Structure formats: C-alpha cells, structure tokens
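S.K.:
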Amino acid sequence: MPFGNEGTQPGVGLALSGGGFRATLFHVGSLWRLNELGFLQKLNRISSVSGGSITAGLLGVRWNSLNFQSEVAMNFDSEIVRPLRAFCRLDIDVPAIAEGAFLPWKKICDVVREAYEDHLLGRAGLQDLPDNPRFVFNTTNLQTGIDFRFSKPYAGEYRLGLIRKPRFTVAQAVTASSAFPPFLSPVLIETDPVQFEPVTGADLCAHEDYCRKLYLSDGGVYDNLALETVWNRYDTVLASDAGAALKIGEEVETAWVKQVLRALDIATNQSRGLRKRALIDDFQNGRRKGAYWGIKTDIADYHVPDSLPCGPSKIEELAGIRTRLNCFSDREQCELINWGYAVCDAAMRKYVLQGVVAPAPVWPYSDYALG
Numbered sequence: 000m001p002f003g004n005e006g007t008q009p010g011v012g013l014a015l016s017g018g019g020f021r022a023t024l025f026h027v028g029s030l031w032r033l034n035e036l037g038f039l040q041k042l043n044r045i046s047s048v049s050g051g052s053i054t055a056g057l058l059g060v061r062w063n064s065l066n067f068q069s070e071v072a073m074n075f076d077s078e079i080v081r082p083l084r085a086f087c088r089l090d091i092d093v094p095a096i097a098e099g100a101f102l103p104w105k106k107i108c109d110v111v112r113e114a115y116e117d118h119l120l121g122r123a124g125l126q127d128l129p130d131n132p133r134f135v136f137n138t139t140n141l142q143t144g145i146d147f148r149f150s151k152p153y154a155g156e157y158r159l160g161l162i163r164k165p166r167f168t169v170a171q172a173v174t175a176s177s178a179f180p181p182f183l184s185p186v187l188i189e190t191d192p193v194q195f196e197p198v199t200g201a202d203l204c205a206h207e208d209y210c211r212k213l214y215l216s217d218g219g220v221y222d223n224l225a226l227e228t229v230w231n232r233y234d235t236v237l238a239s240d241a242g243a244a245l246k247i248g249e250e251v252e253t254a255w256v257k258q259v260l261r262a263l264d265i266a267t268n269q270s271r272g273l274r275k276r277a278l279i280d281d282f283q284n285g286r287r288k289g290a291y292w293g294i295k296t297d298i299a300d301y302h303v304p305d306s307l308p309c310g311p312s313k314i315e316e317l318a319g320i321r322t323r324l325n326c327f328s329d330r331e332q333c334e335l336i337n338w339g340y341a342v343c344d345a346a347m348r349k350y351v352l353q354g355v356v357a358p359a360p361v362w363p364y365s366d367y368a369l370g
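So in numbering that gives the first Met the number 0, spot 27 of the sequence shown is number 26, and the numbers just go up one at a time.
1. Per DSSP, which residues does residue 72 bridge with? Please list them.
2. Can you tell me whether DSSP reads residue 214 as helix, strand or coil?
3. Suppose you measure from the CA of residue 216 to the CA of residue 356; what does that come to, to the nearest Å?
4. Just curious, the beta strand (DSSP E) that residue 288 is in, first and last residue?
5. Could you check where the beta strand (DSSP E) with residue 9 kicks off and where it finishes?
6. Apply the 10 Å Cβ neighbour rule to residue 337 and answer buried if 16 or more other Cβ atoms are within range, or exposed otherwise.
7. Taking only runs that begin and end inside the stretch 135-221, name each unbroken alpha helix (DSSP H) of 4 or more residues, in chain order.
8. Residue 320 lies in the beta strand (DSSP E); which residues open and close that run?
9. Note down the Cα distance separating residue 89 from residue 174, rounded to an integer number of angstroms.
10. Within the chosen definition, does the stretch 285-305 reach the stretch 228-238 through at least 3 CB pairs nearer than 8 Å?
11. Indicate the three-state DSSP secondary structure (helix, strand or coil) for residue 56 in the structure shown.
12. Compute the Euclidean distance between the alpha carbons of residue 15 and residue 29, then round it to the nearest angstrom.
13. Any idea what DSSP makes of residue 45, helix, strand or coil?
14. Do you know how far the Cα of residue 83 is from the Cα of residue 213?
15. Going by C-alpha to C-alpha distance, which of 219, 194, 199 sits closest to residue 207?
16. Which of the three DSSP states, helix, strand or coil, is assigned to residue 83?
17. Provide the residue span of the alpha helix (DSSP H) that contains residue 30, from first to last.
18. Can you tell me where the beta strand (DSSP E) with residue 225 in it begins and where it stops?
19. Measure the alpha-carbon distance for residue 345 versus residue 114 and round it to whole angstroms.
20. Of all the options 73, 36, 44, which has the alpha carbon lying nearest to the alpha carbon of residue 11?
21. Using only the alpha-carbon positions, how far apart do residue 358 and residue 73 sit?
22. Please name the residue or residues paired with residue 240 in a DSSP beta bridge.
23. Evaluate the contact criterion for the stretch 121-139 versus the stretch 36-56: three or more CB pairs, one atom per stretch, below 8 Å.
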C-alpha cells in the first residue's frame with residue numbers, strides 16, 4: 000500500500016510521547032504495568048518521539064533478550080528498568096552543548112549520539128530490531144516540515160521516498176528523535192540519494208539536495224504524542240503522554256531565544272491538544288479501541304475502585320518536573336515510574352480490560368508511594 004496510507008487493521012499500537020527524561024521514566028512505569036497485564040507482548044507497533052524514543056530504543060535493542068513466560072517478561076527490571084534508570088542519572092544535554100560549541104571538530108548531535116552508544120544502546124542497528132513489534136522512531140524533517148521515520152523495514156517520508164532496510168544505528172535514530180531545538184538540533188545525516196525509492200507523493204525524491212543530507216529535529220515538533228504512525232494503522236491504540244499542559248503566567252520573557260522557545264511550546268501544546276481530542280473522540284465514537292493516559296490525568300476520573308492513589312497536588316508536581324536530559328534523583332525517578340505505572344493501570348483496566356481479572360497493582364517502588 001502507499002506509504003502513509005496503510006489502512007486500519009486489527010492490532011495494538013502504542014504511542015510514547017516526548018518530554019525528555021521525565022517522559023523516559025514515566026513510560027518505563029507504563030511499560031512495567033503493560034508487561035504485568037500481559038500486554039507488552041501483544042503490541043504490534045511502538046511509535047515514539049523524543050524522551051519516549053529513549054525508552055523505546057532500549058526496549059527494541061533488548062527485546063530479544065526478554066524472557067517471556069505466560070505473556071510476561073520475567074526479566075523486565077534487569078533488561079529495561081535498571082539500564083534506563085542508570086542512564087537517567089547522567090548529564091547529557093549541557094555537556095553535549097558545551098563540547099559541541101567549543102570543539103570545532105565536534106557537533107552537538109555527535110556528542111549526544113556517542114552518549115547513547117556508550118551508555119545505553121551500543122552500536123545496535125535498525126536491522127537488529129525485532130520484526131514484531133515494529134519500532135518506529137519519529138523525527139521532524141526541517142526541510143520538508145513533516146515526519147521522517149526510522150524503522151527496520153524502511154526509513155523515510157512520503158515526500159522524499161523510502162530507504163529500504165536502512166543501515167542506520169538505533170542510536171542515530173534516537174538522537175534525531177530527541178534533538179530538541181534549538182540547542183540539540185538539527186541532527187545532520189548524510190545519505191545517498193539513489194537509496195531513496197519513490198512512493199506515492201514523493202515529489203522531492205528526484206531532488207538530490209533534499210536527499211543527500213537530512214536536517215532532522217525532535218519528533219515532538221511534528222507530533223509530540225507519536226500518534227500518527229499507530230493511529231492510521233491499528234484498531235487498538237494506547238497512548239502514554241508525559242507532556243504537560245502549557246504553563247501560563249502574567250509575565251512574558253522578551254529575550255529573542257526565550258520568545259522562540261515560548262512560541263514552540265505554544266505550537267506544540269496546540270498540536271498535542273488537537274491530536275489528543277481527535278483520539279479520544281475516536282474512542283468515544285467507537286472508531287478505535289484503546290486508552291489514553293497522561294502525566295496530568297486525574298486518576299480519580301477513571302473510577303477504578305482499587306487504583307493506586309495520587310492526589311491532585313502530587314500530580315501537578317510530577318507534571319511540572321523538567322524535561323531536560325540531565326541527572327534525575329532517585330526520588331524523581333521512582334515517583335515518575337510509579338506514576339506512569341499507576342495511571343496506565345487505571346486506564347487499561349477501565350477501557351481495555353473490562354471484565355478481565357487482572358493482577359492487583361502494586362507500587363513498583365513502595366518507598367516512594369504517591370498516596
């Protein structure tokens with residue numbers, strides 16, 4: 000079928016939003032509970048952007064090492080949780096900016112990629128990922144303004160065409176997906192124009208200037224929920240959203256850089272809001288099955304009697320944690336994982352597992368229980 004028009008089919012797609020290390024850790028909690036519920040192995044596609052791609056990247060690299068017994072990965076903690084927690088103790092963004100800015104032979108994106116390679120993903124390539132589930136790492140092509148995707152079968156977009164069986168590394172894909180502008184962006188990737196295969200709508204495939212060097216930015220610039228590549232594909236969609244609502248204030252920064260960042264926040268917030276409302280409308284009208292849970296969701300709204308408690312003030316605090324790629328304390332890590340776990344549990348049991356007896360939820364880190 001034409002690229003970007005695959006059609007809806009039976010299956011389960013999971014979207015992991017952006018939001019720096021905050022999102023990385025929140026999604027760890029979501030995956031933890033999905034695994035306990037026997038849903039991790041049921042996933043057909045995992046679509047991610049930014050901080051969500053850090054989590055998805057390790058899950059993809061380690062997928063074939065997961066020991067599934069009765070649909071539950073028994074070594075999920077050692078293979079996924081502990082390495083990601085160790086990585087989220089590192090300072091990535093500011094050192095990369097400093098090294099890339101002051102060493103002329105270094106690019107910021109290269110420093111970030113090396114951190115992913117050295118401390119989390121190694122040199123694993125896209126061809127080392129499993130066939131099922133399919134992992135899709137989304138970026139934003141600054142030249143065309145649309146989603147450029149990295150996956151095992153292909154990398155590309157509908158205007159440039161596709162590179163079949165791409166030889167990029169997972170670290171390259173995650174670096175581009177998490178290249179938040181303006182400091183970590185763009186990621187420059189040189190490609191051979193002859194590798195691009197034209198597809199329907201590929202009006203730029205024959206223009207070598209677009210296909211010889213890619214200028215990629217954070218996938219959240221285009222779609223911070225990472226919804227597009229699962230929403231248009233599967234009849235069951237799960238969305239884990241660690242993006243917080245736009246902060247309002249009476250005072251507005253007038254410095255140029257801060258104005259640009261504020262404008263980007265506003266545009267991202269509007270895009271995320273539109274996609275979220277459309278997804279929930281699909282759920283309510285029966286066009287899709289699935290569930291949405293967010294870092295600002297009031298867990299009481301699910302009305303699941305034995306859900307794990309978390310009060311509004313704590314939810315507000317967790318949603319306000321920074322979206323940097325820098326060291327997160329044990330408390331920040333454990334509370335974010337706990338919260339992703341709890342709200343995922345409530346959403347899944349309310350909307351997906353109705354009538355199914357599920358194992359009772361238990362705080363992953365009881366010392367940091369949220370209620």
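Backbone N, C-alpha and C define an ideal beta-carbon position, used for all residues, glycine too. Since we're looking at a predicted model, the values are computed, not measured.
M.R.: Quick answer:
1. 67
2. In the structure shown, the three-state DSSP call for residue 214 is strand.
3. 43 Å
4. 288-293
5. Looking at the DSSP string, the run of the beta strand (DSSP E) that includes residue 9 is 8-15.
6. Classification for residue 337: buried.
7. The qualifying runs are 169-176, 207-210.
8. Residue 320 -> no beta strand (DSSP E), and no H or E assigned at all.
9. 16 Å
10. yes
11. helix
12. 9 Å
13. If DSSP states are grouped into helix, strand and coil, residue 45 belongs with the strands.
14. 28 Å
15. 194
16. DSSP places residue 83 in the helix class (H, G or I) of the three-state scheme.
17. 19-35
18. Counting along the chain, residue 225 falls outside any beta strand (DSSP E), and DSSP gives it neither H nor E.
19. 35 Å
20. Closest option to residue 11, Cα to Cα, is 44.
21. 15 Å
22. 293
23. yes
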